[in-house]
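Quick note on numbering: our numbering labels position 214 of the sequence shown as 507, and the sequence is numbered without any gaps.
Remarks on the structure that follows.
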Amino acid sequence: MNQTLVIGSAVVDVIVRVEHLPKCGEDVHVSRQSRSLGGCAYLVSDILRHFGAPYSLCTAVGGGMYGDFVYEQLKKRGVPIYVRKPEKENGCCYCLVEDEGDGERSFIVDHGIEYTFHESYLENIDTDSIDSVYICGLEIEEYTGWEIIHYLEKHPEYTVYFAPGPRIMRIPADRMEKLLSLGVILHLNEGESMAFTGKDTVEEAAKEIFRRTGSPVVITLGEKGALAYDGKEIFFAPPVKTSVVDTIGAGDSHAGAVISARRFGLSWQEAITAANYVSAAVVAKEGGQLEDMDFAKVLESLPRDLREKIGK
294 MNQTLVIGSA
304 VVDVIVRVEH
314 LPKCGEDVHV
324 SRQSRSLGGC
334 AYLVSDILRH
344 FGAPYSLCTA
354 VGGGMYGDFV
364 YEQLKKRGVP
374 IYVRKPEKEN
384 GCCYCLVEDE
394 GDGERSFIVD
404 HGIEYTFHES
414 YLENIDTDSI
424 DSVYICGLEI
434 EEYTGWEIIH
444 YLEKHPEYTV
454 YFAPGPRIMR
464 IPADRMEKLL
474 SLGVILHLNE
484 GESMAFTGKD
494 TVEEAAKEIF
504 RRTGSPVVIT
514 LGEKGALAYD
524 GKEIFFAPPV
534 KTSVVDTIGA
544 GDSHAGAVIS
554 ARRFGLSWQE
564 AITAANYVSA
574 AVVAKEGGQL
584 EDMDFAKVLE
594 SLPRDLREKI
604 GK
């Protein structure tokens, strides 16, 4: 089976829970703090691992206390490390979550070597088996973002999944236009889609994105579920009931599940349905990572026809 190349970051998520986010000049107390392995690309790749979908995670692992943490956690989980640069610092992500809020997270990110990309990073990866790629907006925004784009230009045969993220409006316009011209499949949330297109409804936003890419688009709707548009039909998948602890990794896990589902031949309707089950499990726990036991419960909860199609 061919594989998905996942390009992007593996970072330390420092999860900080507070009563409320401080205003300028205000002091607040931390109610709880923890660390976990995160990063958009890593979290996407971990969902592919859970599904048994072949992949390679292309992330640069640096040094310092954060780089050492990432290195040890990846080794512990048996994830191959293709790029190790201990002389360069790894950054981290401070994930702020309000105790009395709806679980929505706010990020303060310190970017390090993990957000960079050079084609040389691929020298130890079996590139002949790649047929799809996941990329994230954070890496496109970085100074090496054009290197990702130039690599993709060399491979028009790839199916490219692109999650621009909440900084979608800060990605340089020339980079964004080039990616759209490559026919990327956008995976984004409702607010991002409407801000990017200037449309008043998510359905209109989906159609506008398709007009600009010529490729399907997936839009998550939070507690309202998710939709996909393939240029002919809008597909809707209802939400999966859950209790929200925090939303860290919700979009990443959804994207990873969509990529996995499509790998196993599921339709867009089926893919976003399965992805909703996965993201519901992620938001029901602290942090963006599912343990094997957590994922086993997700599989048990999936409709039988979907389980059979992905061979679980």
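In this text, a Cβ means the ideal position worked out from N, Cα and C, and glycines have one as well.
Identified DSSP bridge partners for residue i
{"i": "residue 570", "result": "In DSSP, residue 570 forms no bridge with anything."}
{"i": "residue 296", "result": "423"}
{"i": "residue 480", "result": "511"}
{"i": "residue 308", "result": "327, 388"}
{"i": "residue 453", "result": "426"}
{"i": "residue 403", "result": "385"}
{"i": "residue 398", "result": "390"}
{"i": "residue 521", "result": "511, 528"}
{"i": "residue 356", "result": "382"}
Backbone CA spacing between residue i and residue j [nearest angstrom]
{"i": "residue 476", "j": "residue 469", "result": "11 Å"}
{"i": "residue 298", "j": "residue 517", "result": "30 Å"}
{"i": "residue 478", "j": "residue 361", "result": "34 Å"}
{"i": "residue 597", "j": "residue 564", "result": "14 Å"}
{"i": "residue 573", "j": "residue 542", "result": "11 Å"}
{"i": "residue 501", "j": "residue 512", "result": "12 Å"}
{"i": "residue 590", "j": "residue 467", "result": "43 Å"}
{"i": "residue 443", "j": "residue 457", "result": "17 Å"}
{"i": "residue 426", "j": "residue 453", "result": "5 Å"}
{"i": "residue 314", "j": "residue 337", "result": "28 Å"}
{"i": "residue 523", "j": "residue 508", "result": "7 Å"}
{"i": "residue 548", "j": "residue 364", "result": "24 Å"}
{"i": "residue 373", "j": "residue 603", "result": "24 Å"}
{"i": "residue 528", "j": "residue 399", "result": "30 Å"}
{"i": "residue 396", "j": "residue 579", "result": "10 Å"}
{"i": "residue 434", "j": "residue 537", "result": "30 Å"}
{"i": "residue 378", "j": "residue 445", "result": "24 Å"}
{"i": "residue 415", "j": "residue 320", "result": "45 Å"}
{"i": "residue 486", "j": "residue 600", "result": "30 Å"}
{"i": "residue 334", "j": "residue 493", "result": "30 Å"}
{"i": "residue 429", "j": "residue 515", "result": "19 Å"}
{"i": "residue 303", "j": "residue 586", "result": "22 Å"}
{"i": "residue 413", "j": "residue 420", "result": "12 Å"}
{"i": "residue 369", "j": "residue 491", "result": "44 Å"}
{"i": "residue 535", "j": "residue 526", "result": "28 Å"}
Three-state class that DSSP yields for residue i in the structure shown
{"i": "residue 516", "result": "helix"}
{"i": "residue 597", "result": "helix"}
{"i": "residue 529", "result": "strand"}
{"i": "residue 303", "result": "coil"}
{"i": "residue 350", "result": "strand"}
{"i": "residue 577", "result": "coil"}
{"i": "residue 463", "result": "helix"}
{"i": "residue 332", "result": "coil"}
{"i": "residue 376", "result": "strand"}
{"i": "residue 475", "result": "coil"}
{"i": "residue 345", "result": "coil"}
{"i": "residue 278", "result": "Only positions 294 to 605 of the chain appear in this structure, which leaves residue 278 out of reach."}
{"i": "residue 560", "result": "coil"}
{"i": "residue 492", "result": "coil"}
{"i": "residue 536", "result": "coil"}
Spatial neighbours of residue i in its chain, beta-carbon cut-off 7 Å, leaving aside the 5 residues before and after
{"i": "residue 553", "result": "340, 341, 344, 346"}
{"i": "residue 594", "result": "570"}
{"i": "residue 410", "result": "300, 432, 437, 440, 441"}
{"i": "residue 366", "result": "330"}
{"i": "residue 417", "result": "375"}
{"i": "residue 505", "result": "473"}
{"i": "residue 471", "result": "442"}
{"i": "residue 357", "result": "382, 383"}
{"i": "residue 555", "result": "564"}
Own chain, CB closer than 6 Å to residue i, minus 5 neighbours either side, in chain order
{"i": "residue 327", "result": "308"}
{"i": "residue 530", "result": "518, 519, 565, 566, 569"}
{"i": "residue 402", "result": "386"}
{"i": "residue 510", "result": "479, 499, 502, 503, 522"}
{"i": "residue 359", "result": "305, 383, 385"}
{"i": "residue 550", "result": "340, 567, 568, 571"}
Chain-order list of residues whose beta-carbon lies under 8 Å from that of residue i (same chain, five-residue window excluded)
{"i": "residue 423", "result": "295, 296, 297, 298, 349, 448, 451"}
{"i": "residue 462", "result": "488, 489"}
{"i": "residue 583", "result": "339, 340, 343, 546, 571, 574, 575, 591"}
{"i": "residue 581", "result": "306, 329, 331, 336, 541, 542, 543, 545, 546, 575"}
{"i": "residue 323", "result": "309, 310, 311"}
- Query: Quick one: any contact between the stretch 551-564 and the stretch 350-357, if contact means 3 or more CB pairs under 8 Å?
  - Reply: no
- Just checking, does the stretch 385-392 make contact with the stretch 300-307 on the three C-beta pairs under 8 Å criterion? yes
- Item | Cβ contact (3+ pairs, closer than 8 Å) linking the stretch 398-406 and the stretch 374-385 | yes
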